[in-house]
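Residue numbers (my numbering), protein chains in the order written: chain A, 44 to 562; chain B, 261 to 414.
So, in structure tokens, the structure goes:
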């Protein structure tokens, strides 16, 4: 019997040696005369175990990791092809607590299939949802999405169904669906994993979006920092088109939808949807005034649905399993699951898809296993570079959009970056403004000038110059940026700064107040 | 490929696409490694844009270069997750090894050093990208190997 071995082709796995491990397994199998089929899958998301090698056994897949090319001979000696015991072994993959405790919905196929084999996708429930959406018709499809409670997973958490309904109601011969794949937030990689590990789910989600809102053309705006995702998506789009899942006659329905992949050019601001549309039009990525909303006048002035990768990738599952099944997960107004991403100084970094309502502490310690350095976790930045630094005293807050907003933080795209007690958070506060200055589109003054001035004021505080007056000035400037900026970049860049001032004043050389300590 | 041929090919491929300027500039840079200044008026004419508009687009995006890079481009992630795992120290190490500052090219022309803000490899921080190859869990030793490897390759 041919042994089946699985090694991820996700760029994270490749970045720590998955390609050389796969090669070493092939070479060693040949040397020993053993028949082995090596399947390159997406990553399971247990990223600290990458390169993870899995082997099919009668009981399920057995996991070994992190495997280096130098370990391969020893793995063969230990009969890993039959699930033999080894110091790198973790038993059955599905029983690893990190994975077993998750609620994989959007990431249900992740790591199980060869991302570029359409047959694999179809065998795992692919394109059931598109047929269903085509049968339902646009009105019912949009209604179903509204009932699911899905909110935009890019960060803003706007109800997806309402966006779809708005675009559907526009009378226009031309409408567009745009996928925002400009995943620029540090600590986030769930979009990348979907595009590299299950690209057809995104293509199907966009196609459902197209037929539901009456758009015939879609664009994926992908950041240039993701060359691996670009290569995978480009091939997947070609495959889908060749098989009739894109083009003039979707699965024999007579309906048209096609898709084009466009590459960004290294501008963080293009994750903001109006800036992204400008960039797609071939211009500088300058933020647009709103109104009009992109749903009314978006790409090339036409009604445009702009959704994030995870939002669109969640759509097929919602249609296939029903809106209610999705709605049953979560709490309050945060329904369904979110793929959280554990990153930075964390022992078990990776992807954790789970219903809203878990606490940060559970994520950081029960999943994350504490810091990578072994030192106490002092702060976590949640929601990307514009998210607050959350102190340990708030680690018991439930992960819920509203609960985080209430404490001046945000869940955003679900990225969680851990810092240990050696971190200089005043330096990180400075970096937030430095980053804003580098990435500002320059259209509005609070963001363009304010960010540069904030860096200067922070430098003066850190140099102990006229501290009280400069802190007051910094807070005032933060208020101006928050209230006066045109978009979220200038509007939210103060959040990390204020969180450090409020929760970690000692890093600025300020005496912590008792209020801040107990906050 | 000769610069003019690359520009002509890029125009033929992309000038008529909706919003084709970015794909067109990417095509030029993918082929030449940078976007030569002398091609700006040619591109502007083909796209029916002003020269200023094309300059404006090239200048807006960090990805586009106006001068040729070294034989290899080493991009070090300086976003928060990588900073939490020591990417600032890694950058210092790279500066010393290559003898250049950020955006500079080493004297032997082997290496251009650039910052990048997130490579999406935040669970295996710190991360760097060598040309189009992503490398994770980078420490000083691995970075030294990378730089030496770049120097030995043409």
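Glycine included, C-beta positions come from ideal geometry on N, C-alpha and C.
These numbers were taken from a predicted model, which means no experiment stands behind them.
Check the C-beta distance from residue 403/B over to residue 353/B and give it rounded, since I have them as a contact under 8 Å.
Against the second chain, residue 403/B aligns to sequence position 143. Against the second chain, residue 353/B aligns to sequence position 93. Between residue 353/B and residue 403/B the Cβ distance is about 6 Å, and since that is below 8 Å, they are a contact.
Return the residues of the region 359-385 of chain B that lie within a Cβ-Cβ distance of less than 7 Å from chain A, sorted by chain order.
Flagged, chain order: 376, 377, 378, 379, 380, 381, 382, 383, 384 and 385.
Whole angstroms is fine: what's the gap from residue 378/B's alpha carbon to residue 233/A's?
By one-based count along the second chain, residue 378/B stands at place 118. By one-based count along the first chain, residue 233/A stands at place 190. Each residue's Cα considered, the two are about 13 Å apart.
Does the ligand ATP have a heavy atom nearer than 7 Å to the CB of residue 266/B?
Ligands in the displayed structure: none, and consequently the ligand ATP is not present.
Tell me, please, whether the CB atom of residue 334/B is closer than 8 Å to any CB atom in chain A?
Here the question's residue 334/B lines up with position 74 in the second chain. It does not: the Cβ of residue 334/B has no partner Cβ on chain A nearer than 8 Å.
Under a CB-based cut-off of 8 Å, is residue 90/A close to chain B?
Within the first chain, residue 90/A is the residue found at index 47, counting from 1. Chain B, which has a Cβ nearer than 8 Å to the Cβ of residue 90/A, makes this yes.
Closer than 8 Å, CB to CB, is residue 221/A near chain B or not?
The residue given as residue 221/A occupies position 178 in the first chain. Not one chain B Cβ lies under 8 Å of residue 221/A.
Expressed to the nearest angstrom, what Euclidean distance is found between the alpha-carbon atoms of residue 236/A and residue 96/A?
As a first step, residue 236/A is located in the first chain; it is residue number 193 there, counting from the start. As a first step, residue 96/A is located in the first chain; it is residue number 53 there, counting from the start. Roughly 17 Å separates the two Cα atoms.
For residue 124/A versus residue 249/A, is the C-beta distance shorter than 8 Å?
Position 81 of the first chain holds residue 124/A. Position 206 of the first chain holds residue 249/A. Contact: no.
Quickly, what does DSSP pair residue 389/B with across the bridge? List them, please.
For the purposes of this step, residue 389/B is identified with residue 129 of the second chain, where counting begins at 1. In the DSSP output, where bridge partners are listed per residue, residue 389/B has 335/B and 394/B.
For residue 222/A, which beta-bridge partners are listed by DSSP?
Sequence index remark: in the first chain, residue 222/A carries index 179 (1-based). Answer by DSSP bridge pairing, in chain order: 263/A and 350/A.
Below 8 Å, can you find three or more Cβ-Cβ pairs linking the region 240-259 of chain A to the region 382-389 of chain A?
The answer is no - the region 382-389 of chain A does not touch the region 240-259 of chain A, with fewer than three Cβ pairs under 8 Å.
Below 8 Å on the Cβ atoms is my contact criterion, and I expect residue 315/A with residue 294/A to pass it. Report the Cβ-Cβ distance as a whole number of Å.
To locate residue 315/A, count along the first chain from 1; it is residue 272. To locate residue 294/A, count along the first chain from 1; it is residue 251. Wrong, their Cβ atoms sit about 34 Å apart, outside the cutoff.
Compare the Cα-Cα distances from residue 451/A to each of 469/A, 434/A and 466/A and report the closest residue.
Within the first chain, the letter at position 408 stands for residue 451/A. It is 434/A whose Cα lies nearest to the Cα of residue 451/A.
Could you list the residues in the region 514-536 of chain A with a C-beta less than 9 Å from some C-beta on chain B, going in chain order?
Cβ contacts with chain B: none found.
Name the DSSP bridge partner or partners of residue 365/B?
Within the second chain, numbered from 1, the residue matching residue 365/B stands at position 105. Answer is 372/B, bridged to residue 365/B.
Is the Cβ of residue 330/B closer than 8 Å to any Cβ of chain A?
Within the second chain, residue 330/B is the residue found at index 70, counting from 1. False, the Cβ-Cβ gap to chain A never drops below 8 Å.
Output the distance between the C-alpha atoms of residue 402/A and residue 472/A, rounded to the nearest integer angstrom.
Indexing the first chain from 1 puts residue 402/A at position 359. Indexing the first chain from 1 puts residue 472/A at position 429. Taking the straight line joining both Cα atoms gives about 24 Å.
Take every Cβ of the region 446-460 of chain A, pair it with every Cβ of the region 215-231 of chain A, and state whether three or more of those distances are shorter than 8 Å.
They touch, by the three-pair rule.
Going by the beta-carbon positions, is the gap between residue 376/B and residue 268/A smaller than 8 Å?
What you label residue 376/B is simply residue 116 of the second chain in a count that begins at 1. What you label residue 268/A is simply residue 225 of the first chain in a count that begins at 1. Contact: yes.
Could I get the ranges of all uninterrupted alpha helix (DSSP H) runs contained in the region 286-363 of chain A, with 4 residues as the minimum, in chain order?
Listed in chain order, the complete alpha helix (DSSP H) runs (minimum 4 residues) inside the region 286-363 of chain A are 316-323.
Using a C-beta cutoff of 8 Å, does residue 478/A count as contacting chain B?
Sequence index remark: in the first chain, residue 478/A carries index 435 (1-based). For residue 478/A, the answer is yes, since a Cβ of chain B falls inside 8 Å of its Cβ.
Taking 8 Å as the CB-CB limit, is residue 242/A close to chain B?
Along the first chain, one-based indexing puts residue 242/A at 199. So, not an interface residue.
Rounded to the nearest angstrom, what separates residue 361/B and residue 429/A at their Cα positions?
By 1-based counting over the second chain, the position of residue 361/B is 101. By 1-based counting over the first chain, the position of residue 429/A is 386. Those two C-alpha atoms are separated by around 27 Å.
Might you give, ordered along the chain, the residues of its own chain that have their beta carbon closer than 8 Å to the beta carbon of residue 289/A, omitting 5 neighbours on each side?
Working through the first chain from its first residue, we reach residue 289/A at position 246. Answer for residue 289/A: 246, 250, 280, 283, 300, 301 and 302, listed in chain order.
How do the region 415-423 of chain A and the region 115-123 of chain A stand: do at least 3 beta-carbon pairs fall below 8 Å, yes or no?
No, they do not touch.
Using a cut-off of 8 Å between C-beta atoms, extract the partners of residue 310/B located in chain A.
Counted from its first residue, the second chain places residue 310/B at position 50. None at all; the shortest Cβ gap to chain A is about 12 Å.
Provide the residue(s) that pair with residue 374/A in DSSP beta bridges, ordered along the chain.
Here residue 374/A refers to the residue found at position 331 of the first chain. Answer by DSSP bridge pairing, in chain order: 377/A.
Whole-angstrom Cβ separation of residue 381/A and residue 362/A, contact assumed at under 8 Å?
Along the first chain, one-based indexing puts residue 381/A at 338. Along the first chain, one-based indexing puts residue 362/A at 319. With a Cβ gap of about 19 Å, residue 381/A and residue 362/A do not count as contacting.
How far does the beta strand (DSSP E) with residue 80/A in it extend, from its first residue to its last?
The residue given as residue 80/A occupies position 37 in the first chain. It spans 79-84 - the beta strand (DSSP E) in which residue 80/A sits, taken as one unbroken run.
What does DSSP give as the partner residues of residue 459/A in its beta bridges?
On the first chain, position 416 is the one that residue 459/A refers to. BP columns for residue 459/A point to 385/A and 425/A.
Listing by chain order, which chain A residues have their CB less than 7 Å from the CB of residue 305/B?
Looking up residue 305/B in the second chain gives position 45. What residue 305/B touches in chain A: nothing, since even the nearest Cβ is about 15 Å away.
Just tell me which of 440/A, 377/A, 379/A and 373/A has its CA closest to the CA of residue 406/A.
Within the first chain, residue 406/A is the residue found at index 363, counting from 1. The shortest Cα separation from residue 406/A among 440/A, 377/A, 379/A and 373/A belongs to 440/A.
What residue range is occupied by the uninterrupted beta strand (DSSP E) comprising residue 434/A?
As a working mapping, residue 434/A is identified with position 391 in the first chain. Note, residue 434/A: beta strand (DSSP E), 432-434.
Rounded to whole angstroms, what's the CA-CA distance from residue 412/A to residue 543/A? Just pull it up for me.
In the first chain, the residue the question calls residue 412/A occupies position 369. In the first chain, the residue the question calls residue 543/A occupies position 500. Distance between the alpha carbons of residue 412/A and residue 543/A: 25 Å.
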